[in-house]
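Residue numbers (this note's numbering), protein chains in the order written: chain B, 1 to 371; chain P, 372 to 764.
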């Protein structure tokens, strides 16, 4: 096959590209220029040219011996990922931009362009496994290395996208990938893993949002209210700085009566109110999802598991699907479930599909919390 | 069997001429710092000075005008900063630098820097839709307040669209008011007649690797009596305005390349222009809505430049598809990280973002053959079709 290897400049995508070559594919390395962030781009008269990452990717392509190009997707990325990220936080939800990027950029804009240019597939360094099922459909499964498994952020891919994807690292654990990079002479072998959101340079989400949202923010401050007493226990400088289940950085002036820590239970962007309360109130036993994406056949009912945030635990659940509406009954309660995150549905190790969390129902209150 | 590469990017860099390789390699095994006083040093100095004389003879300058540098970017920086600083030191009112919107980044970026960090008032004058400086705009700008102009810098020929600039008129206008004129002639030397003295410019940039010489060496040709502040301080090797041990082998290679490319310029231009005209005609036959940007083929355009727009395509898709078929060209001037940006030259010529992104530059040179043109003409149809399909998504 003719394959585009998306090369971020990191160790995983470099090894993935090398493995695609070894598998006999005709591989072209492509680095995606996504960010307009001045910290990661050369500033000055031109405002172009990524620094280190693009150079690392280019160097890795040289070592592997494949052609290399930079594709500028910064406009699409800004519209589809960055703007969405801001809108979601402004609305009091907690988006996952990596999922969004996979859905809209890597396996949409890039894949479409690659197919049109005569390529057959896009290979990435994601940790997930693809296999063909008995029905002939391509199935996506969790990676062998459960600690590194990235099937959660790929849960938005449909059958068409999966058919044109390659994840060469799904059968390997991370330490082996690093050793392989070293053995292949790839200098990125010891490059640290990336964790932060790529376009928020220093990991300061709230600060970044404050600056970028500006007048678009629903508020730049409000009260923090205790759910048990109804009392105002602090103030904040913007609801977009919070996520459901958050405990740190609340800076509450009034200690809780029971002396226990309090967590964010609800975010109300219109009134600017952030509600906090005891940990027990975080528990939910039902999740409603919208905007479902299915990897294969659309199911009516799944008895399996769901993962409700990146690197989160699996919860046993019964999922009922009716059109665009996905209702998830959790067999045991889950905590800190934020609207905006994805609920990825699994049958064993197989990804069935995903939905965006729209609402949750607390165990105790039996009332809907919507954001 | 894989076919040989079709190299149509001579404006980025052109293969070294055999005479230059020979002259350079002859020096590589030797020893001698051209500033040393012993026999080896004198030997090295002799190579440098003979090279300087050869170059001066070829470009209508006196040997003392030739200041060796590391290439075009350094020469442009030295000219712009060095002349600006010296002129402003003579008269603090001289804060203006007049240039064009289509200069190479080696001129534009130093000008931005001078404006942002050193109080220069930079005016980038507009160009016509053919990429030629608007002389009236320059005249208006100069005469508005001639006493405040430190220098004028206008490229001899544009690197992207190949348009020649009205250097004689620029010089005449500047000279009326005693303003020094610099020109970046990196693309012009060896392609069109370039005579330093006859042109009347006060400073001229050229570089080795665009004329069949080595990388990393070039010169600023600058009148001896023009004050220029130093940019690189040290041993003061080159007239005290440029320090650094001279690269004797590279300078020998540079001189050989300048000599041959200037001597053969006329026949080279005729041969390459004919190939270029053939290329443009046949590409347009295959892709009827492809069109030439810049001045029409003729005396106002570099002979080896074919800058073509392909509506409905992304330039970088075209480039990648041609590259996969062994045909090498450019989407404009090379950018270090390879991120395609709409060309500032095309934008200045009045193209919109889209037009600026759907273009390719083919630049022909001394190794280009009719077979190269055939290969491109053969490939361009399917490549454009595919790039259009990719764009339509």
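Glycine included, every Cβ here is placed at the ideal spot set by N, Cα and C.
If you drop the 5 nearest sequence neighbours on each side, which residues of the same chain put their C-beta closer than 6 angstroms to that of residue i?
{"i": "residue 18/B", "result": "64 and 184"}
{"i": "residue 209/B", "result": "89 and 240"}
{"i": "residue 374/P", "result": "697"}
{"i": "residue 578/P", "result": "442, 443, 557 and 589"}
{"i": "residue 351/B", "result": "140, 151, 155 and 295"}
{"i": "residue 38/B", "result": "Since pLDDT at residue 38/B reaches only 39, below the 50 mark, its modelled position is unreliable, and the value read off the structure follows with that caveat. Cβ neighbours of residue 38/B beyond the five flanking positions: none."}
{"i": "residue 303/B", "result": "318"}
{"i": "residue 394/P", "result": "623, 624 and 627"}
Given a cut-off of 7 angstroms, decide if residue j and residue i are closer than it, judged by their beta-carbon atoms.
{"i": "residue 126/B", "j": "residue 77/B", "result": "no"}
{"i": "residue 591/P", "j": "residue 450/P", "result": "yes"}
{"i": "residue 198/B", "j": "residue 153/B", "result": "no"}
{"i": "residue 552/P", "j": "residue 573/P", "result": "yes"}
{"i": "residue 68/B", "j": "residue 29/B", "result": "yes"}
{"i": "residue 554/P", "j": "residue 446/P", "result": "no"}
{"i": "residue 15/B", "j": "residue 180/B", "result": "yes"}
{"i": "residue 719/P", "j": "residue 498/P", "result": "yes"}
{"i": "residue 649/P", "j": "residue 532/P", "result": "no"}
{"i": "residue 289/B", "j": "residue 357/B", "result": "yes"}
{"i": "residue 363/B", "j": "residue 258/B", "result": "no"}
{"i": "residue 486/P", "j": "residue 496/P", "result": "no"}
{"i": "residue 11/B", "j": "residue 217/B", "result": "no"}
Using a Cβ-Cβ cutoff of less than 7 angstroms, which residues in the same chain neighbour residue i once the five nearest sequence positions on both sides are dropped?
{"i": "residue 515/P", "result": "none"}
{"i": "residue 282/B", "result": "245, 263, 265, 335 and 336"}
{"i": "residue 174/B", "result": "145 and 148"}
{"i": "residue 670/P", "result": "none"}
{"i": "residue 726/P", "result": "680 and 717"}
Mapping the DSSP letters down to three states, classify residue i as helix, strand or coil.
{"i": "residue 681/P", "result": "coil"}
{"i": "residue 78/B", "result": "helix"}
{"i": "residue 211/B", "result": "helix"}
{"i": "residue 167/B", "result": "coil"}
{"i": "residue 300/B", "result": "coil"}
{"i": "residue 456/P", "result": "helix"}
{"i": "residue 107/B", "result": "helix"}
{"i": "residue 548/P", "result": "coil"}
{"i": "residue 268/B", "result": "strand"}
{"i": "residue 387/B", "result": "This structure leaves residue 387/B out entirely; chain B is present only between 1 and 371."}
{"i": "residue 429/P", "result": "helix"}
{"i": "residue 119/B", "result": "coil"}
{"i": "residue 676/P", "result": "strand"}
{"i": "residue 687/P", "result": "helix"}
{"i": "residue 745/P", "result": "helix"}
{"i": "residue 481/P", "result": "helix"}
{"i": "residue 760/P", "result": "helix"}
{"i": "residue 341/B", "result": "strand"}
{"i": "residue 129/B", "result": "strand"}
{"i": "residue 315/B", "result": "strand"}
{"i": "residue 377/P", "result": "strand"}
{"i": "residue 199/B", "result": "coil"}
{"i": "residue 69/B", "result": "strand"}
{"i": "residue 443/P", "result": "helix"}
{"i": "residue 153/B", "result": "helix"}
{"i": "residue 112/B", "result": "helix"}
{"i": "residue 160/B", "result": "helix"}
{"i": "residue 557/P", "result": "coil"}
Determine the chain B residues that contact residue i at a beta-carbon separation under 7 angstroms, and present them in chain order.
{"i": "residue 688/P", "result": "117"}
Starting from residue i, find everything on chain P with Cβ-Cβ shorter than 9 angstroms and list it in chain order.
{"i": "residue 67/B", "result": "691, 694 and 695"}
Apart from the five residues on each side of it in sequence, which residues of its chain come closer than 8 angstroms, Cβ to Cβ, to residue i?
{"i": "residue 406/P", "result": "412, 416, 606, 608, 616 and 617"}
{"i": "residue 220/B", "result": "210, 237 and 238"}
{"i": "residue 448/P", "result": "477, 481 and 602"}
{"i": "residue 73/B", "result": "32, 33, 34, 105, 109 and 110"}
Interface residues of chain B around residue i at Cβ under 8 angstroms?
{"i": "residue 757/P", "result": "116, 117 and 118"}
The region 436 to 451 of chain P / the region 603 to 617 of chain P touching (three or more Cβ pairs under 8 angstroms): The region 436 to 451 of chain P makes contact with the region 603 to 617 of chain P; the number of CB pairs closer than 8 angstroms reaches 3 or more.
Below 8 angstroms, can you find three or more Cβ-Cβ pairs linking the region 269 to 277 of chain B to the region 225 to 235 of chain B? Yes, they touch.
Determine, using beta-carbon pairs with one atom in the region 376 to 384 of chain P and one in the region 317 to 337 of chain B, whether at least three such pairs fall under 8 angstroms. no
Is there contact here, the region 393 to 408 of chain P with the region 748 to 756 of chain P, by at least three beta-carbon pairs under 8 angstroms? no
Does the region 341 to 357 of chain B come close enough to the region 672 to 682 of chain P to have 3 or more Cβ pairs within less than 8 angstroms? no
contact_flag[the region 467 to 483 of chain P, the region 515 to 533 of chain P] where n(CB pairs < 8 angstroms) is 3 or more: yes
If contact is defined by three or more beta carbon pairs under 8 angstroms, each pair taking one atom from either stretch, is the region 681 to 701 of chain P in contact with the region 498 to 515 of chain P? no
Is the region 2 to 13 of chain B touching the region 111 to 124 of chain B, taking contact as three or more C-beta pairs under 8 angstroms? yes
Are at least three pairs of beta-carbons, each pair with one atom in the region 527 to 543 of chain P and one in the region 679 to 691 of chain P, less than 8 angstroms apart? no
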